[in-house]
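Beneath this line is the structure, given in structure tokens, with notes to follow.
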Amino acid sequence: MNTGTHPVRVRRGAAPDPHIVELGKLMLTRAQKLGETLADRLCRDIDAYRDGIVVTKDQVAESCVANLTFVLYSLAGHADVDVSPAEHTGTARALAGVPLPAVMTAYRIGFRFMWEETLATARAAGIPTESILDATARVFLAQDTFTQAMASAYRQQLTARILEQEEERSALVEALLSRRITDTQSLWEAADLLRLPTSGPYVVAAELPAIGKLGLPAIENKLSARDIRSAWRLQPDL
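Under the working numbering, the sequence shown has 138 at position 144, and the numbering climbs by one with no breaks.
The structure is reproduced here in structure tokens:
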């Protein structure tokens, strides 16, 4: 299940510095190549990206180019920074199962890379020092903004997936308790999905909570800590 997010825009009130606009345009002409170079570095330095199984190198490169382009687009004099590429990256990486710390490390490496390339380009183009400092501040502001947007989208998608998995587990437990699953193969598959043993003995427990309250809070985690596997179903009549 995918969750929709609304693009966040950061609006700049001051008139753009013509030197920074020039710098942004120079960098934009190299955005595709820079994104591909950055993808090579990320796939080399980050374990989650190295083998190309969870996320392919082409997907990493596509994300790098998109994020770099939108940041450089703002440096080139456009009023708004659209962080939807960062939101898309966060959602996609959560769906792929990439750990959030790995994605945040990728953003840290990526923005440092962009800052180094921007600085080198500015010096080669003779951009004044004051404008270089302003451009540096904008890059670091973009890093904060994009990283926050990515992490927020990642957590939203992760929460949605956890809720979806809990609903699926609850429905499977209900099917077992109501004896809608009867053949041996399906029972074994259900036990595997619920992380239950395929042979007994089994214990059935029930708790009658107050109205609107959850019976036996966190019971599955507490039993799991004692190496006891369990599956639970909330019933309206218990």
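In this text, a Cβ means the ideal position worked out from N, Cα and C, and glycines have one as well.
message: Assuming the contact rule is C-beta atoms closer than 8 Å, A116 and L17 should be a hit. Round their C-beta distance to whole Å, please.
response: The residue labelled residue 116 in the question sits at position 122 within the sequence shown. The residue labelled residue 17 in the question sits at position 23 within the sequence shown. Their Cβ separation, rounded to whole angstroms, is 5 Å, which keeps A116 and L17 in contact under 8 Å.
- prompt: Based on Cα-Cα distance, which residue from A145, V198, R173 and L228 lies nearest to A212?
  reply: Reading the sequence shown from its first residue, position 218 is the one you call residue 212. Among A145, V198, R173 and L228, the Cα nearest to that of A212 belongs to L228.
N-terminal and C-terminal residue of the alpha helix (DSSP H) that T115 is part of: The count along the sequence shown starts at 1 and reaches residue 115 at position 121. Run containing T115: L94 to A118, per the alpha helix (DSSP H) assignment.
message: Using a Cβ distance threshold of 8 Å, determine whether the region 153 to 166 contacts the region 122 to 132, with at least three qualifying pairs required.
response: no
query: Given that a residue counts as buried once 16 or more other Cβ atoms are within 10 Å of its Cβ, and exposed if not, what is P79?
result: Residue 79 sits at position 85 when you count from the first residue of the sequence shown. P79 is buried by the Cβ-count criterion.
- prompt: Of the choices A70, R173 and A204, whose alpha-carbon is the least far from that of S125?
  reply: In the sequence shown, residue 125 corresponds to position 131, counting from 1. Taking only the C-alpha atoms, the option nearest S125 is A70.
- request: Note down the Cα distance separating S164 from R87, rounded to an integer number of angstroms.
  value: Within the sequence shown, residue 164 is the residue found at index 170, counting from 1. Within the sequence shown, residue 87 is the residue found at index 93, counting from 1. About 26 Å.
query: For Y196, does the count of other Cβ atoms within 10 angstroms reach 16, so buried, or fall short, so exposed?
result: Looking up residue 196 in the sequence shown gives position 202. Exposed, because fewer than 16 other Cβ atoms sit within 10 Å of the Cβ of Y196.
- request: Give the secondary structure of I222 by DSSP, where H, G and I count as helix, E and B as strand, and everything else as coil.
  value: Within the sequence shown, the letter at position 228 stands for residue 222. Three-state DSSP puts I222 in coil, outside helix and strand.
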